[in-house]
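Student:
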Amino acid sequence: MADVKDSSTNLPGGGADDMSSFYAEISSLQDSIRTFNDNVTRIGELHSRSLNNTDDAAAQRNAAQLDELVADTSALSATLKRRIKALERQAGSGRDGQIRKQQTALVKSKFVEAIQNYQNVEQQYRTRYKQRMERQFKIVKPDASPEEVKAVVNDDSGGQIFSQALLNSNRYGESRAAYREVQERHEDIKRIEQTLGELAQLFNDMSVLVEQQDETIQNIETTAATVEKDTEAGLNYTDKAVVSARAARKKRWICFIITLIILAIIGIVVGIEVAQHVNTNKSSSSS
5 MADVKDSSTN
15 LPGGGADDMS
25 SFYAEISSLQ
35 DSIRTFNDNV
45 TRIGELHSRS
55 LNNTDDAAAQ
65 RNAAQLDELV
75 ADTSALSATL
85 KRRIKALERQ
95 AGSGRDGQIR
105 KQQTALVKSK
115 FVEAIQNYQN
125 VEQQYRTRYK
135 QRMERQFKIV
145 KPDASPEEVK
155 AVVNDDSGGQ
165 IFSQALLNSN
175 RYGESRAAYR
185 EVQERHEDIK
195 RIEQTLGELA
205 QLFNDMSVLV
215 EQQDETIQNI
225 ETTAATVEKD
235 TEAGLNYTDK
245 AVVSARAARK
255 KRWICFIITL
265 IILAIIGIVV
275 GIEVAQHVNT
285 NKSSSSS
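Under our numbering, think of the first position of the sequence shown as 5, with each following residue one higher.
1. Can at least three beta-carbon pairs, one atom from the segment 27–37 and one from the segment 97–117, be found at a separation below 8 Å?
2. E126 to G98, Cα distance in whole Å?
3. Only counting runs of 3 or more residues, tell me where the beta strand (DSSP E) segments fall wholly within the segment 88–157, in order along the chain.
4. Rank S248, K254, T263 and V44 by C-alpha distance to the C-alpha of N124 and give the top, closest one.
5. Helix, strand or coil for N41, going by three-state DSSP, please let me know.
6. If you compare alpha carbons, which of R195, H190, G96 and Y122 is closest to R46?
7. Rounded to whole angstroms, what is the Cα-Cα separation between Q168 and V144?
8. Compare the Cα-Cα distances from L80 to each of I272, D42, Q280 and P150 and report the closest residue.
9. Are the Cβ atoms of K154 and I193 separated by less than 8 Å?
10. Assign S149 to one of two classes, buried (16 or more other C-beta atoms within 10 Å of its C-beta) or exposed (fewer than that).
11. Could you tell me the alpha carbon to alpha carbon distance between L33 and D71, rounded to whole angstroms?
12. Using the rule of at least 16 other Cβ atoms within 10 Å of the residue's Cβ for burial, across every protein chain shown, is E151 buried or exposed?
13. Do E191 and Q140 have their C-beta atoms within less than 8 Å of each other?
14. Note down the Cα distance separating L203 from I119, rounded to an integer number of angstroms.
15. A95 and G101: beta carbons closer than 8 Å?
16. In angstroms with no decimal places, state the Cα-to-Cα distance between Q69 and F26.
17. Roughly how many whole angstroms lie between the Cα atoms of A252 and K105?
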């Protein structure tokens, strides 16, 4: 059985405990996506076994397992979609809100990748089932025209063409077995078509969410880049101001030192002049 538990809870917008709950939900979602991928791998294996089964009882058991696993995986995908949407609604704002949005976007992108992988598996086996039906019809009617083959493979009313070919075949036992398998393959293809329809809708829903989230994250990154640029500009202005202040301070010190030197020179000159004047006066007095 697939893991379809829904561990989503109401996650308020802030606080360490809230972020712990958020990270726990992200981890749980990642585990569920891994389970989804494991289911898809197993579905591919059951499809392959269905193509190779020759025993009716084994084929019925395989078909039952496949139906159950497809149903479980469908339920799991619906749960994943609901939980991811819940996380998006509870993103909040601020730094924690940005973290929530980025982590939620990452989980969504992983889920979209898982959906695409499931689509590829189903499309691959739809093609292989149709090829098998073509081969079985040509066992009954080797000279079948391309139009008849297409009708048998793609149209429910193709069974009438097969029945008519069966009546005209001289390989009755082999033809009956081929007819029975073609009918089974029709049912397989119907189930695959239904699954592909559900996956297409799910993919569209999740892709829209991813696009919306990408725009939000882009806005966050743009805002962060602007803030970073403004911060860098502010730091540059601060650095320039510091350099200018240091240069001005250095110039003031140089001017101060030059002034001191000039004053010292003036003092020395004045001192010399005074001393000479005193000596001259003394000489005059002595005469």
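Every residue, glycine too, gets a C-beta built ideally from N, C-alpha and C. Remember, it's a predicted structure, so these values are computed and weren't measured experimentally.
Tutor: Short version:
1. yes
2. 42 Å
3. none
4. V44
5. helix
6. Y122
7. 10 Å
8. D42
9. no
10. exposed
11. 24 Å
12. exposed
13. no
14. 7 Å
15. yes
16. 35 Å
17. 49 Å
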